[in-house]
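> Provided herewith is a single structure, encoded as structure tokens, for subsequent inquiry.
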Amino acid sequence: MAPRALDERAVARFEESVLPQLGAAYNLARWLTRNEHDAQDLVQEALLRAFKAFHGFRGTDPRAWLLAIVRNACYTWLRRGRAQEVTTPFDEEVHTPDGDVLNPERLVLKEADTTRVRQALEELPVEFREVLVLREIEGLSYKEIATIADIPVGTVMSRLARARGRLQIGLAGPPDGGGAR
Amino acid sequence: MTCQEARSLLHAFLDDELDLTHSLDVQRHLDTCPACAREHSAQRALRTALRDEALYFRPPEGFTARAQAALRASAEPVGAADRAGPPSGFPWTRRLWLPAGAMAGVLAVLVVTILRLGPGAPGQSADDLLAQEVVASHIRSLMPGHLADVPSSDQHTVKPWFNGRLDFSPPVKDLAGEGFPLTGGRLDYLGGRPIAALVYERRQHIINLMVWPAPRDMDRPLTVATRQGYHLLHWTQGGMNYWAVSDLNEAELKQFVGLVSP
Numbered sequence: 001m002a003p004r005a006l007d008e009r010a011v012a013r014f015e016e017s018v019l020p021q022l023g024a025a026y027n028l029a030r031w032l033t034r035n036e037h038d039a040q041d042l043v044q045e046a047l048l049r050a051f052k053a054f055h056g057f058r059g060t061d062p063r064a065w066l067l068a069i070v071r072n073a074c075y076t077w078l079r080r081g082r083a084q085e086v087t088t089p090f091d092e093e094v095h096t097p098d099g100d101v102l103n104p105e106r107l108v109l110k111e112a113d114t115t116r117v118r119q120a121l122e123e124l125p126v127e128f129r130e131v132l133v134l135r136e137i138e139g140l141s142y143k144e145i146a147t148i149a150d151i152p153v154g155t156v157m158s159r160l161a162r163a164r165g166r167l168q169i170g171l172a173g174p175p176d177g178g179g180a181r
Numbered sequence: 001m002t003c004q005e006a007r008s009l010l011h012a013f014l015d016d017e018l019d020l021t022h023s024l025d026v027q028r029h030l031d032t033c034p035a036c037a038r039e040h041s042a043q044r045a046l047r048t049a050l051r052d053e054a055l056y057f058r059p060p061e062g063f064t065a066r067a068q069a070a071l072r073a074s075a076e077p078v079g080a081a082d083r084a085g086p087p088s089g090f091p092w093t094r095r096l097w098l099p100a101g102a103m104a105g106v107l108a109v110l111v112v113t114i115l116r117l118g119p120g121a122p123g124q125s126a127d128d129l130l131a132q133e134v135v136a137s138h139i140r141s142l143m144p145g146h147l148a149d150v151p152s153s154d155q156h157t158v159k160p161w162f163n164g165r166l167d168f169s170p171p172v173k174d175l176a177g178e179g180f181p182l183t184g185g186r187l188d189y190l191g192g193r194p195i196a197a198l199v200y201e202r203r204q205h206i207i208n209l210m211v212w213p214a215p216r217d218m219d220r221p222l223t224v225a226t227r228q229g230y231h232l233l234h235w236t237q238g239g240m241n242y243w244a245v246s247d248l249n250e251a252e253l254k255q256f257v258g259l260v261s262p
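First to last, the protein sequences are chains C and X. If you read the first sequence in my numbering, its first letter stands for residue 1, the second for the next number, and so on. If you read the second sequence in my numbering, its first letter stands for residue 1, the second for the next number, and so on.
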């Protein structure tokens, strides 16, 4: 049956180019939602949505394409009021720390202190968290991040700088349950 | 290059996003300015901390397979009845958001199913057809939002929920103590009647247990089948039909069956 063959080809093509990006999609969703179950649901939902839109995809970067869809799904979910963070408009100036954020003495980093890093990153506003996750954990370029987050490349750079400053402060603060180091 | 200029380019420098000329300028500045060099090394330390493999969240076991199954189920063309068909639930067993296209699919599959059940469709037993429906229902349940109508691990919440929705009361056991926690229940439609689907989990594997009444004195021993990579265990006991379906391995699934019907 012709339509069936067509369908199977579409599924195969989609599976070949988009399915390998599922790990990156899950990682992003997990960081944005901070919750394993919603991350799974949102990625599945995004995957089905991506499949429906796949015939219109002409780009060369299926990862950025899928991540943009996943990101949108996560933001919609966040705005639905399950989390408060996106309900107040994001203002980079307001969220930027005062003073000399670049003072390295404030950065107390112990090697392999993953729990604290994860916690500090999770506490950042989602717009900061997302650029850091995409840049450092996923290893994407400014251009790719700009595509996914739908912001200019210059904004990617300034937002990353601010996000890193915020993270440094978060890490320099008194550690939860930890003493002086 | 002033410190201010260097700081404004430092992140792009760190991220390898600068052109060669600017990159060399920043490097020269860092070589001569201890304050900026310190900041640079602090940023590098932060980067090392963030690139820790432990910060990369990997999807749970079986996630890709489930996503793929859901994808294939959604892409399955109408009328492909020799495999798991598209959604075959009746509108009232599904929620209102079932899209119109799927409704059309439902009708088409029903027509196909009826034709196949007729005298002109030899070669497949009623059990084979039912097994197809069970697998289709299982795959459909793995799609987001379809798994449970009543998400609860409490058997005393799940069992009463079926009251008034079914003409029988399915036996509901929580097997959390045995490593098969109950996670919810939903209505489904199988073999031409509404049935109870109970959802259990084993690690990240979903088990659907479909239950509906059988004629009296028709107990049947356990039969095992595999379709599309899913294990199907079927038996009849105490006036109830049971189908357990999952991607869980057969041994553990049999253990599960032993707990459901000791």
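For each residue, glycine too, the CB sits at the ideal point set by N, CA and C.
Give me the residue from X:173, X:230, X:30 and X:48 with the minimum Cα distance to residue 132 (chain X).
Translated into the one-based positions of the second sequence, residue 132 (chain X) becomes position 132. Nearest of X:173, X:230, X:30 and X:48 to residue 132 (chain X), Cα basis: X:230.
> Expressed to the nearest angstrom, what Euclidean distance is found between the alpha-carbon atoms of residue 47 (chain X) and residue 6 (chain X)?
Along the second sequence, one-based indexing puts residue 47 (chain X) at 47. Along the second sequence, one-based indexing puts residue 6 (chain X) at 6. Those two C-alpha atoms are separated by around 19 Å.
> Confirm, please, whether the CB-CB distance from residue 144 (chain C) to residue 64 (chain C) is below 7 Å.
Position 64 of the first sequence, counted from the first residue, corresponds to residue 64 (chain C). Position 144 of the first sequence, counted from the first residue, corresponds to residue 144 (chain C). Cβ distance < 7 Å, so residue 64 (chain C) and residue 144 (chain C) count as in contact.
> For residue 246 (chain X), which beta-bridge partners are listed by DSSP?
Taking the first residue of the second sequence as position 1, residue 246 (chain X) is located at position 246. Beta-bridge pairing links residue 246 (chain X) to X:207 and X:231.
> Check each candidate in X:34, X:12, X:20 and X:15 and name the one with the smallest Cα separation from residue 3 (chain X).
Locating residue 3 (chain X) in the second sequence gives position 3, counting from the first residue. Nearest C-alpha to residue 3 (chain X): X:34.
> If you count every other CB in all the chains shown that lies within 10 Å of the CB of residue 59 (chain X), and 16 or more means buried, which is it?
Against the second sequence, residue 59 (chain X) aligns to sequence position 59. Buried, by the Cβ-count rule.
> Using DSSP with H/G/I as helix, E/B as strand and the rest coil, what is residue 15 (chain C)?
For this step, residue 15 (chain C) is matched to residue 15 along the first sequence. Residue 15 (chain C): helix per DSSP, three-state reduction.
> Contact between the stretch 199-218 of chain X and the stretch 232-246 of chain X: three or more CB pairs below 8 Å?
Judged by Cβ distances under 8 Å, the stretch 199-218 of chain X makes contact with the stretch 232-246 of chain X, as three or more pairs qualify.
> Closer than 6 Å to a non-hydrogen atom of the ligand SAM - does that hold for the CB of residue 157 (chain C)?
Because no ligand of any kind appears in the structure shown, any question about the ligand SAM cannot be addressed here.
> Return helix, strand or coil for residue 122 (chain C), following the three-state DSSP convention.
On the first sequence, residue 122 (chain C) is found 122 positions in, with the first residue counted as 1. In this structure, residue 122 (chain C) counts as helix in the three-state DSSP scheme.
> Span of the beta strand (DSSP E) holding residue 24 (chain C)?
To locate residue 24 (chain C), count along the first sequence from 1; it is residue 24. Run containing residue 24 (chain C): none in the beta strand (DSSP E); it sits in the alpha helix (DSSP H), 22-33.
> Does the beta carbon of residue 17 (chain X) come closer than 7 Å to any beta carbon on chain C?
Residue numbering aside, residue 17 (chain X) sits at position 17 when the second sequence is read from its first letter. With 7 Å as the cut-off, residue 17 (chain X) counts as an interface residue toward chain C.
> Just mark residue 162 (chain C) as buried or exposed, buried being the case when its beta carbon has 16 or more other beta carbons within 10 Å.
Position 162 of the first sequence, counted from the first residue, corresponds to residue 162 (chain C). Buried, by the Cβ-count rule.
> At the level of alpha carbons, what is the spacing between residue 180 (chain X) and residue 252 (chain X)?
Counting from one through the second sequence, the residue named residue 180 (chain X) turns up at place 180. Counting from one through the second sequence, the residue named residue 252 (chain X) turns up at place 252. Rounded to whole angstroms, residue 180 (chain X) to residue 252 (chain X) spans 10 Å at the Cα level.
> Is there a C-beta anywhere in chain C that falls below 7 Å from the one on residue 74 (chain X)?
Indexing the second sequence from 1 puts residue 74 (chain X) at position 74. Yes, its Cβ sits closer than 7 Å to a Cβ of chain C.
> List the residues of chain C whose Cβ lies closer than 9 Å to the Cβ of residue 11 (chain X), in chain order.
Translated into the one-based positions of the second sequence, residue 11 (chain X) becomes position 11. In chain order: 157, 158, 160, 161 and 164.
> Taking the alpha-carbon positions, what's the residue 18 (chain C) to residue 136 (chain X) distance?
Against the first sequence, residue 18 (chain C) aligns to sequence position 18. Against the second sequence, residue 136 (chain X) aligns to sequence position 136. Distance between the alpha carbons of residue 18 (chain C) and residue 136 (chain X): 24 Å.
> Starting from residue 195 (chain X) and walking both ways along the beta strand (DSSP E), at which residues does that stretch end?
To locate residue 195 (chain X), count along the second sequence from 1; it is residue 195. Start and end: 193-202.
> Leaving out five residues on either side along the sequence, give the residues of the same chain with a beta carbon under 8 Å from the beta carbon of residue 43 (chain X).
The residue you call residue 43 (chain X) lines up with position 43 of the second sequence. Contacts found: 10, 11 and 14.
> Looking at the strands, I want to know which residues DSSP matches up with residue 180 (chain X).
Position 180 of the second sequence holds residue 180 (chain X). Residue 180 (chain X) is bridged to X:175.
> Taking beta-carbon pairs under 9 Å, can you tell me which members of the stretch 143-155 of chain X lie near chain C?
Those residues of the stretch 143-155 of chain X that come within reach of chain C (Cβ to Cβ, closer than 9 Å) are 143, 144 and 145.
> How far does the alpha helix (DSSP H) with residue 135 (chain X) in it extend, from its first residue to its last?
Residue numbering aside, residue 135 (chain X) sits at position 135 when the second sequence is read from its first letter. Residue 135 (chain X) -> alpha helix (DSSP H) spans 126-141.
> Can you pull the chain X residues whose beta carbon is under 9 Å from the beta carbon of residue 119 (chain C), in chain order?
Within the first sequence, the letter at position 119 stands for residue 119 (chain C). Those do not exist, as residue 119 (chain C) stays about 11 Å from chain X at its closest Cβ, beyond 9 Å.
> From the DSSP output, read off the bridge partner residues of residue 224 (chain X).
Here residue 224 (chain X) refers to the residue found at position 224 when the second sequence is read from its first residue. Answer is X:233, bridged to residue 224 (chain X).
> Just to confirm my understanding: we take residue 18 (chain X), look at its own chain, exclude 5 residues before and 5 after, and list those with CB closer than 8 Å. What are they?
Working through the second sequence from its first residue, we reach residue 18 (chain X) at position 18. Closer than 8 Å at the Cβ level, and outside the excluded window around residue 18 (chain X), lie 9, 12 and 26.
> Kindly indicate which three-state DSSP category residue 216 (chain X) falls into: helix, strand or coil?
Indexing the second sequence from 1 puts residue 216 (chain X) at position 216. Of the three classes helix, strand and coil, the one that applies to residue 216 (chain X) here is coil, per DSSP.
> Given 8 Å as the limit, is there contact between the stretch 61-80 of chain C and the stretch 160-174 of chain X, that is, 3 or more CB pairs closer than that?
Result no; under three Cβ-Cβ pairs closer than 8 Å.
> Please check if any C-beta of chain B sits within less than 7 Å of the C-beta of residue 25 (chain X).
Absent here is chain B; the protein component of the structure consists of chains C and X.
> Taking the alpha carbon of residue 167 (chain C) as the reference point, which residue from C:129, C:30, C:10 and C:80 has its own alpha carbon closest?
Here residue 167 (chain C) refers to the residue found at position 167 when the first sequence is read from its first residue. The shortest Cα separation from residue 167 (chain C) among C:129, C:30, C:10 and C:80 belongs to C:129.
> Check for me: the alpha helix (DSSP H) holding residue 31 (chain X) runs from which residue to which?
Looking up residue 31 (chain X) in the second sequence gives position 31. Where residue 31 (chain X) is concerned, the enclosing alpha helix (DSSP H) stretches over 20-32.
> Do you know whose CA, among X:216, X:258, X:217 and X:228, lies nearest residue 234 (chain X)'s CA?
Here residue 234 (chain X) is taken as the residue at index 234 of the second sequence, counted from 1. Minimum Cα distance to residue 234 (chain X) is reached at X:258.
> Please confirm whether residue 203 (chain X) and residue 142 (chain X) have their CB atoms less than 7 Å apart.
Residue 203 (chain X) sits at position 203 when you count from the first residue of the second sequence. Residue 142 (chain X) sits at position 142 when you count from the first residue of the second sequence. For residue 203 (chain X) and residue 142 (chain X), no; Cβs fall outside 7 Å.
> Is the Cβ of residue 49 (chain C) closer than 7 Å to any Cβ of chain X?
Residue numbering aside, residue 49 (chain C) sits at position 49 when the first sequence is read from its first letter. It does not; no Cβ of chain X falls within 7 Å.
> Please identify the residue among X:150, X:205 and X:68 whose C-alpha is closest to the C-alpha of residue 158 (chain X).
Counting from one through the second sequence, the residue named residue 158 (chain X) turns up at place 158. Comparing Cα positions, the closest option is X:150.
> In whole angstroms, what is the alpha-carbon distance linking residue 215 (chain X) and residue 250 (chain X)?
Sequence index remark: in the second sequence, residue 215 (chain X) carries index 215 (1-based). Sequence index remark: in the second sequence, residue 250 (chain X) carries index 250 (1-based). Taking the straight line from one Cα to the other gives about 27 Å.
> Could you give the distance in angstroms between the alpha-carbon of residue 46 (chain C) and the alpha-carbon of residue 218 (chain X)?
Your numbering for residue 46 (chain C) matches position 46 in the first sequence. Your numbering for residue 218 (chain X) matches position 218 in the second sequence. Using only the alpha carbons, I get a separation of about 45 Å.
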